[in-house]
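For the sequence shown, counting from 1, position 1 maps to 583 in the numbering used here; every step adds exactly one.
Structure first, then comments.
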Amino acid sequence: MEPSLLDIGFGVAGPTGKGLKAKILAILCVHRVLWLPWGALCVGTGALLLMTLGPPLPLWKLILGLFAAGLLTRVISQADMLYDWWTGEDERLGPPNSTLPLVTGLLSAKTVIFFMIVETTFCMWVALFIFNPTCFLVAVLMLIWGVTYSASPPLKRLTELQRRIYRSLSGLIVLGGIAMVAPERIVSWESFVASLVVIIGCLAYHDKDSLHFTPLTPKGVISFTVAMSIFEYLWLIALWQTFTLNWAFLMLYFGLAIFKIRALFHAYAHSEEHKAHIKLTHVGVINYTIMLVIINMAAAYNVLI
583 MEPSLLDIGF GVAGPTGKGL KAKILAILCV HRVLWLPWGA LCVGTGALLL MTLGPPLPLW
643 KLILGLFAAG LLTRVISQAD MLYDWWTGED ERLGPPNSTL PLVTGLLSAK TVIFFMIVET
703 TFCMWVALFI FNPTCFLVAV LMLIWGVTYS ASPPLKRLTE LQRRIYRSLS GLIVLGGIAM
763 VAPERIVSWE SFVASLVVII GCLAYHDKDS LHFTPLTPKG VISFTVAMSI FEYLWLIALW
823 QTFTLNWAFL MLYFGLAIFK IRALFHAYAH SEEHKAHIKL THVGVINYTI MLVIINMAAA
883 YNVLI
């Protein structure tokens with residue numbers, strides 16, 4: 583069966599065929615291009631929040647910075663794809679993993695490495711020459727984090743819970759947005775508050791592989807998600823107070839919590855079923871995305887009004 587464009591864009595499955603269209607779709611697939619907005623939203627969180635405290639960036643500069651940040655996360659994704667192909671994991675797992683472009687030969691490893699080098703060079707150039715050395719340092723640290731998370735044998739051997747906690751450090755990409763606007767505030771209370779809210783958000787959206795989260799039981803992982811979700815809501819209040827954002831935006835987000843609460847109750851009732859964890863993960867990722875969008879909207883409102 584032909585994979586959907588969503589499956590290809592999120593890197594779940596690879597395209598079929600051999601022509602130019604298949605090659606273009608394969609390039610988008612190894613980039614997991616539909617995940618790019620999440621990187622931009624995280625960096626936008628740091629940039630827009632700091633813009634509420636001082637002079638705003640020119641629009642062109644902000645857009646370029648957000649694009650470069652999103653693209654850097656796609657370099658990390660390609661490292662993940664490359665590692666899973668090299669170890670043979672995708673082939674062992676079978677469809678849809680075995681339909682990915684590196685496994686089918688639609689793209690070569692050399693092609694993916696070429697994209698990684700070119701895109702990394704571009705992102706680092708933007709960080710250093712369009713912005714500042716602090717921004718460049720954050721970009722380097724996030725690249726190291728991403729490659730070690732995606733393609734490091736020792737880290738691949740961590741338990742799923744340990745990997746989830748390490749994955750949450752992706753929230754530190756917020757520091758890139760802060761460095762774009764106010765590098766002198768990279769070590770500050772405001773920076774800590776902004777970064778931690780995204781890290782907690784990563785921990786709060788659950789994980790579809792929660793049946794394997796040693797040493798926690800499946801129900802224990804749901805309890806972990808509940809605890810992180812409560813922490814997230816409390817920390818959002820601290821964020822709103824720190825940056826004096828409009829509370830109407832936060833009330834909207836709190837109102838949407840009903841959907842996650844329902845998903846949590848359903849997951850507790852069916853904690854041994856993989857589908858229940860998948861459903862909770864989907865709701866959690868949507869919730870996390872809405873949180874990032876609302877923070878960006880609230881900060882942009884303060885900047886513009």
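All C-beta atoms in this analysis are idealised placements derived from N, C-alpha and C, irrespective of residue type, glycine included.
Taking DSSP as the reference, what is the three-state secondary structure of PHE592?
The three-state secondary structure of PHE592, taken from DSSP, is coil.
Range of the contiguous alpha helix (DSSP H) that encloses GLU584:
Where GLU584 is concerned, there is no enclosing alpha helix (DSSP H), given that its DSSP letter is neither H nor E.
Sufficient close CB pairs (3 or more, under 8 Å) joining the segment 641-648 to the segment 658-665
Counting C-beta pairs closer than 8 Å gives fewer than three between the segment 641-648 and the segment 658-665, which falls short of the contact rule.
Restricting to Cα atoms, I'd like to know which of ALA709, LEU602 and ALA691 is closest to VAL722.
Comparing Cα positions, the closest option is ALA709.
Are the segment 604-614 and the segment 686-698 touching, with three or more C-beta to C-beta distances below 8 Å?
The way I'd put it, the segment 604-614 does touch the segment 686-698; three or more beta-carbon pairs between them come closer than 8 Å.
Could you check if LYS842 is buried or exposed, using at least 16 other CB atoms within 10 Å of its CB as the buried criterion?
LYS842 comes out buried.
Under 8 Å between C-beta atoms of LEU664 and LEU682:
Not a contact, by the Cβ cut-off of 8 Å.
Reducing DSSP to helix, strand and coil, say where ASN679 ends up.
The answer is helix: DSSP assigns ASN679 an H, G or I state.
Simplified DSSP assignment, three categories, for GLU854
Secondary structure at GLU854: coil, using DSSP grouped into helix, strand and coil.
Mark PHE847 as exposed unless 16 or more other C-beta atoms lie within 10 angstroms of its C-beta, in which case mark it buried.
Exposed, because fewer than 16 other Cβ atoms sit within 10 Å of the Cβ of PHE847.
Could you give the C-beta distance for ILE877 and THR627, rounded to a whole number, given that I count them as a contact under 8 Å?
Right, the Cβ-Cβ distance comes to about 5 Å (below 8 Å), so this counts as a contact.
Using 10 angstroms around the beta-carbon of ALA880, count the other beta-carbons present and answer buried if the total reaches 16, otherwise exposed.
By the neighbour-count rule (16 or more Cβ atoms within 10 Å), ALA880 is buried.
Can you have a look at ILE819 and say buried or exposed, based on whether 16 or more other CB atoms are within 10 angstroms of its CB?
So ILE819 counts as exposed.
Measure the C-alpha to C-alpha separation of ARG749 and CYS784 and round it to an integer number of angstroms.
As the crow flies, the alpha-carbon of ARG749 is around 8 Å from that of CYS784.
Do GLY866 and TYR787 have their beta-carbon atoms positioned less than 8 Å apart in this structure?
In this structure, the beta-carbon distance from TYR787 to GLY866 falls below 8 Å.
What residue does the alpha helix (DSSP H) around ILE819 start on, and which one ends it?
Going by DSSP, ILE819 is part of the alpha helix (DSSP H) stretching over 800-825.
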